[in-house]
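Residue numbers (numbering that gives the first Met the number 0), protein chains in the order written: chain A, 0 to 392; chain B, 0 to 392. Notes to accompany the following structure.
There are 2 protein chains.
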Amino acid sequence: MPLQPWMKLVSVDDHLIEHPMVWQDRLPEKWKPVGPRIVERELIPGRPPAQVWLYEDRIYPYIGLNAVAGKKPEEYGLEPTRYEDMIPGCYDPKARVADMDIDGVEAMTCFPSFPRFCGTVFLEGQDKELAKACVQAYNDFVLDEWCAAAPDRFIPVVILPLWDAQASVAEIHRTVAKGAKAISFPDLPHALGLPSLHNAHWDPVFSAAEETGLVLCQHFGSGGEKSMPNLAPDGQFAVMITLMGMNSMQALSDWMFSPALHKHPNLKIGLSEGGIGWLPYLIERADITWEKHRFYQNINKDVKPSELFRKHFHGCFIEDEFGLANRDVIGIDRITWECDYPHSDSYWPASRKRAIEVFANIPDDEVHRMVELNARRLYNFPSMDSSPAQTES
Amino acid sequence: MPLQPWMKLVSVDDHLIEHPMVWQDRLPEKWKPVGPRIVERELIPGRPPAQVWLYEDRIYPYIGLNAVAGKKPEEYGLEPTRYEDMIPGCYDPKARVADMDIDGVEAMTCFPSFPRFCGTVFLEGQDKELAKACVQAYNDFVLDEWCAAAPDRFIPVVILPLWDAQASVAEIHRTVAKGAKAISFPDLPHALGLPSLHNAHWDPVFSAAEETGLVLCQHFGSGGEKSMPNLAPDGQFAVMITLMGMNSMQALSDWMFSPALHKHPNLKIGLSEGGIGWLPYLIERADITWEKHRFYQNINKDVKPSELFRKHFHGCFIEDEFGLANRDVIGIDRITWECDYPHSDSYWPASRKRAIEVFANIPDDEVHRMVELNARRLYNFPSMDSSPAQTES
């Protein structure tokens with residue numbers, strides 16, 4: 000105790016900001032004029048124009064809160080922002096690695112920004128061929144440019160053409176051949192108007208994830224607006240931030256009572272950015288519910304929800320003291336660490352300093368598993384074996 | 000240890016089923032034909048007709064799951080039901096007391112059924128004078144008939160004409176004079192299309208609750224469909240049951256970041272049927288959010304959310320082992336016990352037996368506070384003082 004200097008921090012939840020040319024560099028000529036590109040727009044009268052993404056004819060601003068690395072809380076805000084307001088580590092992988100060195104972080108797992116956490120912006124694309132090309136362009140950017148800048152420092156996460164299960168399977172196989180380690184997949188897909196995870200529609204996708212050993216990451220909020228807590232229109236954004244774990248609670252509950260995990264016994268699922276302190280309560284509640292309510296519903300009659308959690312899921316946290324105090328109840332091997340650069344939960348450039356405080360009273364071997372070994376095992380990073388996925392034990 | 004025979008179980012969350020004449024016995028003649036009355040309707044082809052409430056021209060069935068006391072889990076279901084399918088303790092207060100005696104429960108706090116947990120059925124009334132008369136009739140039933148059948152066994156909970164703040168204030172004063180101890184008030188009122196709790200609209204109501212010392216009970220689900228988790232259309236009802244605590248999480252978060260508690264320092268709020276094991280996680284998360292995000296929002300800059308929790312709220316549980324193991328983190332004086340008769344969470348007729356198991360390893364004085372003393376203090380039951388409300392410490 001505490002965090003030892005030789006332990007390497009491997010973060011399972013971080014974010015990259017796509018530079019302005021990600022799609023313009025990669026899309027065929029015919030699609031460049033309608034594919035995602037950065038334009039200037041005056042969104043707030045009297046303020047300098049913001050830089051926003053224009054995709055087909057829709058505008059998508061970045062909000063400042065999504066790139067606060069290096070800012071003090073007194074400088075946080077929800078307004079649209081510009082690249083020059085961000086530090087380069089947000090959008091430049093070499094600068095990101097330099098920022099990771101400052102922060103004492105060895106490796107990280109970056110989710111997309113403009114495409115949203117799991118690429119649902121492309122569900123909105125009117126031209127689905129273009130949308131598929133955009134998904135592929137993002138994945139090529141992640142694999143060939145972002146992660147290729149430092150392959151031992153970035154765990155590659157890809158997105159899927161979610162409107163097409165067969166194309167999603169093909170994209171899993173295409174990207175795993177180039178090094179993909181995880182798929183960002185929506186929590187509560189039904190909230191996006193997609194088939195729910197109870198639907199056999201997703202079986203080929205889940206099977207492909209099993210076969211390739213890729214982790215299915217379910218990032219808080221990836222299910223879109225209808226998966227989010229119902230906030231008062233005159234309420235505070237802080238309520239949403241406080242409740243971020245609720246999305247993971249909903250996703251976990253939906254999985255635990257679905258047939259999917261019984262059909263896909265090797266599926267690995269990450270609950271990204273959802274915290275861990277609520278897990279023992281929710282899993283106990285799920286078991287109690289299963290005891291009383293499995294008879295009149297299409298619920299597996301033999302396997303308790305808690306068994307499914309311990310076999311399939313892992314959670315992550317930055318500073319969840321209560322969760323950490325209850326790590327034995329959760330299962331230490333189910334716990335991973337996150338940095339959340341460049342979002343507001345992150346302590347950059349003091350992530351390691353904060354981790355030293357957080358882990359102050361935890362035995363070395365347990366700290367090592369939570370900050371590094373569990374993530375390396377789950378994401379097979381660096382690759383220890385080129386054979387197909389193995390069942391976790 | 001464990002639960003001692005001399006400790007009396009005081010439950011803060013139970014349900015009554017209104018008998019068919021509750022409104023017909025009390026409404027003025029002109030409104031009887033449109034006020035709530037029981038009619039027979041064949042809702043499922045080929046099955047015996049169900050008894051349903053008809054109010055104005057709208058039909059409201061009971062589902063079987065809301066009156067399962069005495070049934071085995073193998074007999075649970077979601078279909079519409081009839082009075083003769085229920086045991087009399089559901090709708091007859093004398094039979095209820097007999098069932099409480101069998102169960103070893105001294106006193107309980109009953110929420111409405113047909114009007115929903117906090118009377119939101121009457122928000123749907125087209126004739127708002129009739130709707131107000133229906134609210135008053137329900138409260139008169141609760142005070143003059145249900146609780147009057149055994150005043151030392153029932154803690155009276157009233158409902159309000161939620162569409163009218165001044166009428167709500169008047170109803171608080173009218174009913175407190177007849178012994179009301181608590182108000183069932185919606186969690187997330189904005190989810191019902193009402194002003195949010197951030198809105199000054201509710202100040203007179205909250206002030207009246209403070210002045211009279213009535214507890215504001217926020218029952219899971221009282222905020223209606225839009226306050227509930229987004230369930231997959233082909234998912235399982237068990238997911239909803241597992242996630243019931245989420246409504247309390249949302250309600251608590253909304254309060255902790257609102258100005259209401261700073262304006263109403265003596266308001267007492269009960270989180271009904273929401274469990275307790277999630278409380279330490281959520282309160283820690285709220286404090287972390289407050290530290291980083293209070294600067295750019297309309298949030299009190301001096302008082303942490305955790306201080307508001309410890310001053311204003313209490314939670315309840317039946318068998319939340321993880322929550323109980325963490326009772327010191329939550330605060331033992333914030334914890335009350337519930338029976339949930341006649342719903343499916345209840346262990347009737349074995350509530351006391353289950354409580355003996357649940358409290359097996361807890362010191363006597365702590366058990367006594369959680370099962371009896373905290374509820375008696377919070378609800379001032381039996382009345383210890385006829386003076387205005389006192390601040391909790």
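Just so you know, even glycine gets a beta-carbon here, dropped at the ideal spot from N, CA and C.
- Between A/S183 and A/V204, the gap from beta carbon to beta carbon reaches 9 Å or more.
- The Cβ-Cβ distance between A/P160 and A/G178 does not fall below 9 Å.
- Not a single C-beta of chain A is nearer than 9 Å to the C-beta of B/T211.
- Contact annotation for A/T288 against chain B: A237, I240, T241 [CB-CB distance below 7 Å, chain order].
- In the DSSP assignment, B/K29 is bridged to no other residue.
- For B/Y75, the C-beta contacts it makes with chain A under 9 Å involve K291, H292, F294, Y295, in order along the chain.
- Contact of A/D233 with chain B by beta-carbon distance below 7 Å involves S195, H197, N198.
- Interface residue (Cβ-Cβ distance to chain B less than 9 Å): A/I101 is not classified as such.
- For A/H311, the closest of A/W336, A/L215, A/G244 by C-alpha to C-alpha distance is A/L215.
- For B/Y378, the enclosing alpha helix (DSSP H) has its first and last residue at 373 to 378.
- Closest in alpha carbon position to A/I275, among A/P185, A/E337, A/N297, is A/E337.
- For B/F321, the neighbours in chain A by C-beta distance under 8 Å run, in chain order, P279, Y280, E283, N325, V328.
- Only L187, P188, H189, A190 from the region 177 to 193 of chain B bring a Cβ to less than 9 Å from some Cβ of chain A.
- For the pair B/M248 and A/L242, the Cα-to-Cα distance works out to about 8 Å.
- Per the C-alpha coordinates, the member of B/N360, B/K29, B/I331 positioned closest to B/L372 is B/I331.
- When only Cα atoms are considered, A/A349 and A/G103 end up about 8 Å apart.
- Residue-level contact by beta carbon fails for B/P60 and chain A, as no gap is shorter than 9 Å.
- Taking a 10 Å sphere around the C-beta of B/N360, we find fewer than 16 other C-beta atoms and assign the residue as exposed.
- Taking 7 Å as the upper bound on Cβ-Cβ separation, chain B lies near no residue of the region 359 to 387 of chain A.
- For a Cβ distance threshold of 8 Å, residue set K291, H292 of chain A lies close to B/S343, ordered along the chain.
- In terms of CA proximity to B/F321, B/F358 leads the group B/K303, B/F358, B/H292.
- Taking 9 Å as the cut-off, the Cβ atoms of A/N325 and A/G212 do not count as close.
- Within the DSSP secondary-structure output, A/G269 pairs in a beta bridge with A/C216, A/H313.
- Against A/E318, the close residues of chain B are I287, in the order they occur along the chain (beta-carbon pairs closer than 8 Å).
- Going by DSSP, B/F110 is part of the beta strand (DSSP E) stretching over 104 to 110.
- Selection B/P264, B/H263, B/D143, B/S10 evaluated against B/R173 yields B/D143 as nearest (Cα-Cα).
- Per the coordinates, the alpha-carbon of A/T288 lies some 52 Å from the alpha-carbon of A/K31.
- About 6 Å separates the Cβ atoms of B/P72 and A/F294, confirming a contact at the 8 Å cut-off.
- Pairing A/R351 with A/L8 gives a Cβ-Cβ distance under 9 Å.
- Contact of B/G269 with chain A is not assigned, every C-beta pair being separated by 9 Å or more.
- In this structure B/Y75 is not in contact with B/Y82, their Cβ atoms being roughly 18 Å apart against a cut-off of 8 Å.
- In the assembly as shown, B/G118 is a buried residue. Its beta-carbon has 16 or more other beta-carbons within 10 Å.
- In terms of beta-carbon proximity, B/Q217 stays away from the interface with chain A, with every pair separated by 9 Å or more.
- Under the three-state reduction of DSSP, A/T80 is assigned to coil, being neither helix nor strand.
- Separation of A/L260 and A/G244 (C-alpha to C-alpha, rounded to the nearest whole angstrom) is 21 Å.
- Distance from the CA atom of A/D98 to the CA atom of A/G88, rounded to whole angstroms, is 6 Å.
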